[in-house]
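Numbering (full-length UniProt numbering), first residue to last: 1 to 124.
Glycine residues also receive a C-beta, built at the ideal position from the N, C-alpha and C atoms.
Quick caveat: nothing in here was measured; it's all calculated off a predicted structure.
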Amino acid sequence: MERLSNDIYTSDARFMSELIQNADDNEYALGKEPSFSVIVTPRYVLTSNNELGLRKANVNALSDVDKSTKKGRNEFIGKKGIGFKSVFKVTDTPYLFSGFWRFKFNKSGEIKYIIPEWVTEKEL
């Protein structure tokens, strides 16, 4: 995964374009205007939007390569199943919070980058 991230994404800033594309492709409540915000600090970058939330299929797709839930659906920008992986260019441990989902991916470990690890209250 590290090699994929480094080979495909030559710019450290590319991850932001990928996250914006993902937000554009998210599902939103009918009649609700989609929103996207970014907070940048010396320690982290936080993005958020008002999507309906991740489903199990989305988490499974994030945990794999080329397993996009958007494949074959031309209305979506990102459908290759690799866009989120661009965050590994700028962080070893991306965190995701969506609905009841609270997990991270970790660069260290035997099966790095692909096994989501539940985030505990103490880590928040």
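Counted within 10 angstroms of its Cβ, other Cβ atoms place residue i as buried (16 or more) or exposed
i: N22; result: buried
i: A61; result: buried
i: V40; result: exposed
i: K85; result: buried
As assigned by DSSP and simplified to three states, the class of residue i
i: E18; result: helix
i: V40; result: strand
i: L62; result: helix
i: I87; result: The amino acid at residue 87 is misidentified as Ile; the sequence shows Val. In the structure shown, V87 sits in a helix (DSSP, three-state: H, G or I).
i: K56; result: helix
Close beta carbons around residue i, own chain, < 7 Å, minus the five adjacent residues each side
i: N26; result: N49 and E51
Proximal residues to residue i (C-beta, below 6 Å), its chain only, five neighbours per side dropped
i: L54; result: S98 and W101
i: L46; result: I39
i: T93; result: K104 and N106
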